[in-house]
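Chains as they are written, first to last, in this note's numbering: chain B, 8 to 126; chain L, -2 to 133; chain U, 823 to 1183.
We treat Cβ as the ideally placed atom computed from N, Cα and C, and that holds for glycine.
Before any comments, here is the structure.
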Amino acid sequence: MKNFEEIQVSLSELREAIKRFYKPEEWHFITINGTDVGDGIEIKYFFAAYGKSKKVKAFSLKIDYNQTIPSIRDIIPSAWIAEEELKDLLGVNVEGTKGGIFLEPDSPQAPLRKEVKNG
Amino acid sequence: MFKMFLFSLKNLFSKPATLPEGTEKPKQYRGLIKYYEETCIYCKKCEMVCPPGAIIFTYPEDGSKRLIFHYNPYLCIYCGECVRACPKPGTLVQVEDTAPPATAQDKPNDLWFEVEKEAVESKKIWQEARRKKRNK
Amino acid sequence: MGKKFVVPFGSQHIAIPEPIRFIFTTENEIIKSVSVDFGYVHRGIEKACMTRYKYTQVPYVVARVCGLCAVSQATAYCMAIESLMDIEIPERAKYLRIIVHEMDRIHSHLFAIAHLSEAAGYENLFMRVMRDREFVMECLEILTGNRIQADYSTIGGVNRDLTKEVYEILKPRLDELERRLYELKEIFERDYTLQKKWKGIGVITLEMAQKYNAVGPVARASGLATDCRVEFEYLPYKELDYKMVLYQEGDVWARNMVRLDETLVSIRVLKNAIDNLPEGDIKVKVKGNPKGEALIRWEAPRGELLYYVKGNGKSVLERLRIKTPTFSVIPVMKELYYNQPYAFVPDITISFDPCLSCSAR
């Protein structure tokens, strides 16, 4: 049973949607999650409301493997760490990430992709 | 600050807080798994639920139903999942001892890899033997 | 304008035994720029949970993400799967989960407090706190059968019951622990050196905590009221007289006091839970495979823990996402160093109680 609200956005309107929605006093930005669904990557931006509201909202979009997604770190400054993780573990191109924080250069690249087999 | 100074002075003359070596473990401490073959029905449920894969059954060559139980105490995480999964209570029992540290002579890894390989290979031989028996 | 110096902190540093690397550029002792690197210990636990282990085995795998909050990890995962599969667990199991979880919080917080006083150069206090921590470790050992890896929660309930004999042992121990915690609180509140060392150092304002989305004791020390135990009612914390601890100062001292006060709240919750334990089963049977997606926000000792699970009807999950608390406080930690003297760095870092191995997973 799904226990959070999901809002579908497209790649072009993602930044605009988050900018309109996000207020630091009301919403707590949790993290960005990427899932390899087989024919692309599903990305979800999770937000939770402060206070006793039990509310979690997710902005979700699906991209191809080689598409670039815009960075939101100027809207939410703490998002850089989640974006770096997306870059390192799933190989998603995010604007402005340098990579190499979660993985070392000699480790397998983008290990959470489906084509990487567990060795 | 003064209180802490007094506390340090008191500590100089008090017994150490650490437990001495050889202190008994509390009752129902989770430790190694013991296997009693008499009641086993070879359902392999324990092998299926074991998270680290510390239980493996290998197959006898003659095709009989008595599988051979292998247990790796160094791989076991003492979670007790096998004991809870076992349909015949008393076959698997969790005791309070833990595994002694493995030394190089024990070859804990190499021996276990052989068992893992044997489990795959012996299954084929066992199935072959079963088929022959049935055809007779 | 002084000369610029580059000072590395980590990846191995005496103040913090976990691998994180900061590179500070300082000007006359004052830090002007920071770069951070961690993830030296990426173990691929998420990948293993998505390829190798069945979803019923995963609680025992994710418990190995972190030693100090092993109970929280496993409990959060179990609750995520339960809300995905619509399983209602027995009331007694909920209470038992609270008991073990709060014990876990006490020992983790006491460890953090001890570590912080060690970084302040107060070895004597470090040993005292660690000695008192041993009490709760023994309680955990009696109840769950192991000191660190409790392996207590499982999907559908808990693995062990709290019997009458265990209750008889636990009850006096908890009273004794409470007495010692009050003594500790008195020391921390009154101690002259610690006040000098910690008050007014590394201040996170409320705006900063909101801007950088701080979690857990770090946020609560800055007056940001965020606590998943209050916000979500997976477990009946309300019935057990739980109250959120809030401090307004936002400095190292406040973060330490939040932890100390939380141990006292935990003790109260624990005693209420042990005394009012409902009768009944501790486990329900679980059948079928997970399908769909669900997430859980859960309050681990260090702050908000997120478990996101996605199943596709097979016994192996399609996606398991673990967001650990330290992962969320690293941005605010990085921001805090600007314009601080280098000498404050160990205290500030340890006041966050960082757990890098869990962030790297």
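- The Cβ atoms of V1151 (chain U) and A1036 (chain U) sit closer than 8 Å to each other.
- For T976 (chain U) against V922 (chain U), the beta-carbon gap comes to about 12 Å, at or over 8 Å, which does not count as contact.
- The Cβ atoms of A902 (chain U) and L1117 (chain U) lie closer than 8 Å to each other.
- Residues of chain L with a Cβ closer than 7 Å to the Cβ of I964 (chain U) are, in chain order, P23.
- Among the bridge pairs identified by DSSP, D43 (chain B) is matched with B:I48.
- Boundaries of the alpha helix (DSSP H) around F28 (chain B): 21 to 28.
- Using a CB distance below 7 Å, the part of the stretch 84 to 96 of chain B facing chain U consists of P84, S85, W87, I88, ordered along the chain.
- Distance from the CA atom of L1139 (chain U) to the CA atom of C900 (chain U), rounded to whole angstroms, is 13 Å.
- Under the Cβ criterion of 8 Å, K61 (chain B) is counted among the residues facing chain U.
- Under the Cβ criterion of 8 Å, L1128 (chain U) is not counted among the residues facing chain L.
- Here T38 (chain B) carries a strand assignment [DSSP, helix/strand/coil].
- Straight-line measurement puts the Cα of Y877 (chain U) at about 35 Å from the Cα of R22 (chain B).
- In this chain, the alpha helix (DSSP H) harbouring P1147 (chain U) covers 1147 to 1158.
- With contact defined as three or more Cβ pairs closer than 8 Å, the stretch 1098 to 1107 of chain U and the stretch 830 to 838 of chain U are not in contact.
- Y1130 (chain U): member of the beta strand (DSSP E) spanning 1125 to 1134, first to last residue.
- Distances from the alpha-carbon of K64 (chain B) to those of B:E12, B:K121, B:V123 put B:E12 closest.
- Contact between G866 (chain U) and A915 (chain U) fails: their C-beta atoms lie close to 31 Å from each other, not under 8 Å.
- V46 (chain L) reaches chain U at K876, T878, Q879, counting residues in chain order whose Cβ is nearer than 9 Å.
- At a C-beta separation below 7 Å, F28 (chain B) has no neighbours in chain U, since its nearest C-beta there lies roughly 15 Å away.
- Rounded to whole angstroms, the Cβ separation of I30 (chain L) and V80 (chain L) is 7 Å, and the two are in contact under 8 Å.
- Around the C-beta of I108 (chain B), 16 or more other C-beta atoms lie within 10 Å, and the residue is accordingly described as buried.
- For chain B, the residues of the stretch 1105 to 1136 of chain U that bring a beta carbon within less than 9 Å of one of its beta carbons are G1114, E1115, A1116, L1117, I1118, R1119, E1126, L1128, Y1130, K1132, in chain order.
- What L119 (chain B) touches in chain U, judged by beta-carbon distance under 8 Å, is E868, K869, M872, going in chain order.
- By the C-beta density criterion, P1153 (chain U) is buried, having at least 16 other C-beta atoms within 10 angstroms.
- The C-beta of L110 (chain B) comes closer than 8 Å to at least one C-beta of chain U.
- DSSP, read as helix, strand or coil, puts I977 (chain U) in coil.
- Residue pairing by DSSP puts S857 (chain U) in a beta bridge opposite U:I845.
- Closer than 8 Å to the CB of K12 (chain L) there is not a single CB belonging to chain U.
- In the three-state reduction of the DSSP assignment, V884 (chain U) falls in the helix class.
- Note on geometry: alpha-carbon atoms of S905 (chain U) and D859 (chain U) lie some 35 Å from one another.
- Scanning L:E58, L:A96, L:T95, L:N106 for the CA closest to the CA of K129 (chain L) turns up L:E58.
- With a contact defined as Cβ atoms closer than 8 Å, A1122 (chain U) and C891 (chain U) qualify at about 5 Å.
- At a beta-carbon threshold of 8 Å, none of the residues of chain U lie near C40 (chain L); the nearest stands roughly 16 Å away.
- For L984 (chain U), the closest of U:I964, U:L999, U:T1146 by C-alpha to C-alpha distance is U:I964.
- Using a CB distance cut-off of 8 Å, I74 (chain L) counts as an interface residue toward chain U.
- The C-beta separation of K121 (chain B) from G47 (chain B) comes to about 11 Å, leaving the pair out of contact by the 8 Å criterion.
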